[in-house]
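A quick write-up on the structure given underneath.
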Amino acid sequence: MTEGFGKIVQMIFSGLLILLGGMIGAQAAQFILPLVPEAWFCPETTWLPMWLPCKIFVTVISVVLFAFIGLMLSPLFLKMLALTGAFFETHLKTTSWSEITSATVGMIVGLIIANLIALPFSDLPFGSYLAVVLNVVLGYLGARILLKRQSDFRSVLTPIQGLRERISMIRGPKSENHGEEESGYPDDSHPWCAGKKILDTSVIIDGRILDVARTGFLEGLVIIPRFVLLELQAVADSTDPARRTRGRRGLDVVNELQRLQDLQIEIADMTLKTLKS
């Protein structure tokens, strides 16, 4: 199945290169024709203009030649694409999503700034070249800078997350019964009483709570606040290998807890201020 699909892709790519080569050959013929000496023109005939046979001949030769070049280069291009894909696949395995996001945002910001700077010079003779240079340089610098300062980038986004939590706390969770409290947990004055346990980041990363849950001694509802999951994800996306390992271990513990059939677990949209109140 994979080999057959690879052959199909190879045929399609070869056909596209042949078509592209033919189009380049047709355009090249328009530049070649004015350079052909008049002595090479075909003799005049009574049924065909003098310039038409020579133009057809040069155009056909140019199209066939460039199409053949495209066919010959197609295996090389396919090999280069395969090597490029393998290179990105190998390096992306050791790259976290936070690094990819930071680099992408930095590159976009750099490209926007580059185009704004190049806009006043667009009418000048060197304007297009300046735009290319600025896009390459500032795009790379933006990705590089934000990749190095991704911790500061996350700290900028943290107040936005806090604002969203404050708005959700002001609105209050929706409850169907009037007997339920604002926390959304019925028949209790607080969500952490009456046999309910709340797990924090350190307990989850420690992992021993999973062993206790597997023995069956962990009764009642186990609550994991959503901000704890966000903190675990931030640790898992850290550039520090030790912190990244601890964060991923914590996420694995959460996944294992959710797979336990005898354990009642819930992800709650509560804030740290709600827990302290």
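Numbering (the numbering used here), first residue to last: 7 to 283. Positions of the beta carbon are idealized from the N, C-alpha and C atoms, including for glycine. These numbers were taken from a predicted model, which means no experiment stands behind them.
Three or more beta-carbon pairs separated by less than 8 Å link the stretch 134 to 146 to the stretch 104 to 117, which places the two stretches in contact. Here the C-alpha atom of leucine 235 lies approximately 24 Å from the C-alpha atom of lysine 154. Listed in chain order, the alpha helix (DSSP H) runs fully inside the stretch 92 to 129 are 103 to 124, counting runs of at least 4 residues.
Counted as a single uninterrupted DSSP element, the beta strand (DSSP E) harbouring proline 231 occupies residues 227 to 231.
With at least 16 other beta carbons inside 10 angstroms of its own, leucine 23 counts as buried.
Non-local beta-carbon contacts of aspartate 212 in its own chain, meaning distances under 6 Å to residues more than five positions away in sequence, are absent.
In this chain, glutamine 270 is not harboured by any alpha helix (DSSP H); it is covered by the beta strand (DSSP E) spanning 270 to 274. In the three-state scheme derived from DSSP, where H, G and I count as helix and E and B as strand, lysine 202 is classed as coil. Alanine 109 sits buried, since 16 or more C-beta atoms from the chains shown fall within 10 Å of its C-beta. A direct Cα-to-Cα measurement between leucine 98 and threonine 90 gives close to 12 Å. Ranked by Cα distance from methionine 276, the first of Leu79, Pro40, Phe94, Ile229 is Ile229. When C-beta atoms of the stretch 27 to 43 are compared with those of the stretch 67 to 84, three or more pairs fall below 8 Å, so the two segments count as touching.
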